[in-house]
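Chains as they are written, first to last, in our numbering: chain A, 8 to 216; chain B, 179 to 420. C-beta: ideal position from N, C-alpha, C; glycine also. Encoded as structure tokens, the structure appears first; notes follow it.
This is how it looks when you write it as structure tokens:
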């Protein structure tokens, strides 16, 4: 790999996860935390950051170990590595804020089974050097965080009338309680998917014209 | 022709049955990788645990103090006690396991070291999940003087009114929790009644529209107080700071 070609390629690698292969809006992966914890912007952001940390760290370690990981035991190796960093995040969040830990609940531990992470380890990190693997993982992590924030912000604004805890409307605003209940998650996710697919179709139509 | 028949099961002598892949991974390599990964991961986990231990313990202590201070506003310091099934009350030492059937509660002291009140946790099934509450008990008036919510998953905007609804919280300013003559149970069961139907000092007026959650609060207090107070009240002297 030449150094001249490296710069644009890294950028593309990073943008891949944010736009072209966004885990939430394009690949529709990791729906369990996406729908469950996005009742507020803070929860969504914390979940996104926690998942990104696990993604980047486990992809780095998987990539470092790639040359001497026999394919027969690779899934076990990946899961042990991912579970390790999830445990680290679990302790870190407890140390930062117990209120946040309670709000995210079981979904911190469930990062272990987030298919985005195992998918990255298997499809990318196991075949690439640590630096590109981490860049790709970071892109995916940021993409996932953006996806969660897109849901969390909308649900918090309508469901609680606040944004990151700051009140937006006058006292007369009646919160749409459904937005912070499970159905609200589906409504908002569906609306975003609709918007993105309409956008993609329009772009395609313009290119064909 | 019999000699050409291929045996379905390989003969025992062909035991090293390696798969026909071009280069099979030796057992040693697999074990080495798994061992190495486990060692690295073990070190990372233990390192993370050790380095966050202090902060997590401090956070838990602050959260507990906050919960107790909320239900007993006069409190400045707290001490953790256990009430054993035999009726004995003693201070909890260390973070070890508590004896079977022991009830944990917190004695809160005001600035001058006087007993300001008792805080204890209770829980009962609400609408979505268990509603876990903490209540403050004042030995001087033999009544419940404060309510806080430890955890719940009740419907936002409906069930979670138990934290904010002023009329509901007014139930817990002096909720009667006297013991009966034999000091074996509460003289009157603490009970949640329909909104607007409260007539006695031991009843809780439910929130209109959130009756199930209100009932869970009443049940949680009643269950906890019924078992804790008979053990606690005869031993109040032991809680005084020496």
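Q) Taking only runs of the alpha helix (DSSP H) that begin and end inside the region 111-149 of chain A, which ones reach a length of at least 4 residues, in chain order? A) 122-130
Q) Under the rule that 16 or more other beta-carbon atoms within 10 Å means buried, what is residue 20(A), buried or exposed? A) buried
Q) How many angstroms separate the CA atom of residue 151(A) from the CA atom of residue 45(A)? A) 12 Å
Q) In chain order, what residues of the same chain have a beta carbon less than 6 Å from the beta carbon of residue 248(B), not counting five sequence neighbours either side? A) 326
Q: Grab the span of the beta strand (DSSP E) containing residue 381(B) for me, first residue to last.
A: Taken as a continuous stretch (DSSP letters only), the beta strand (DSSP E) holding residue 381(B) covers 381-383.
Q: Have a look at the DSSP bridge pairing and note the partners of residue 308(B).
A: Note: residue 308(B) sits in a beta bridge opposite 303(B).
(Q) Restricting to Cα atoms, I'd like to know which of 163(A), 188(A), 23(A) is closest to residue 148(A). (A) For the set 163(A), 188(A), 23(A), the Cα lying nearest the Cα of residue 148(A) is the one of 23(A).
Q. Name the residues in the region 79-98 of chain A whose C-beta lies less than 8 Å from a C-beta of chain B; which are they?
A. Result list: 79, 80, 83, 84, 87, 88, 90, 91, 92, 94, 95, 98.
Q. Within this structure, are the beta carbons of residue 211(B) and residue 77(A) separated by less than 8 Å?
A. Result yes, Cβ atoms of residue 211(B) and residue 77(A) sit closer than 8 Å.
(Q) Counting only Cβ-Cβ distances shorter than 7 Å, please list the residues of the region 226-251 of chain B near chain A, keeping chain order. (A) So the list reads 226, 227, 230, 233, 234, 237, 238, 241, given in the order they occur along the chain.
Q. Whole-angstrom Cβ separation of residue 125(A) and residue 98(A), contact assumed at under 8 Å?
A. Incorrect: roughly 22 Å between the Cβ atoms, too far for contact.
Q. Within the 8 Å Cβ cut-off, does residue 105(A) reach chain B?
A. yes
Q.
Since residue 301(B) and residue 398(B) should fall inside the 8 Å C-beta cutoff, what is the C-beta to C-beta distance between them, to a whole number of angstroms?
A. 5 Å
Q) For residue 309(B) and chain A, any beta-carbon pair shorter than 8 Å? A) no
Q: Spatial neighbours of residue 333(B) within its chain, please: CB distance less than 7 Å, with the 5 preceding and 5 following residues excluded, ordered by chain position.
A: Non-local C-beta neighbours of residue 333(B) in its own chain, meaning closer than 7 Å and more than five positions away in sequence, comprise 305, 306, ordered along the chain.
Q.
Determine, for residue 207(B), whether the minimum Cβ-Cβ distance to residues of chain A falls below 8 Å.
A. yes
Q.
Between 167(A), 206(A), 197(A), which has its C-alpha nearest residue 47(A)'s C-alpha?
A. For the residues 167(A), 206(A), 197(A), the minimum Cα distance to residue 47(A) belongs to 167(A).
**Q.** Which of helix, strand or coil DSSP assigns to residue 329(B)
**A.** strand
Q. Based on the DSSP secondary-structure assignment, which residues constitute the bridge partners of residue 369(B)?
A. 381(B)
(Q) Please report the distance separating the alpha-carbon of residue 363(B) from that of residue 50(A). (A) A direct Cα-Cα distance of roughly 44 Å separates residue 363(B) from residue 50(A).
Q. Does the region 62-82 of chain A come within contact of the region 135-148 of chain A, defined as at least 3 CB pairs closer than 8 Å?
A. yes
Q | Cβ pair residue 57(A), residue 96(A) closer than 8 Å | A | yes
Q: Measuring only between beta-carbons, confirm whether residue 77(A) sits less than 8 Å from chain B.
A: yes
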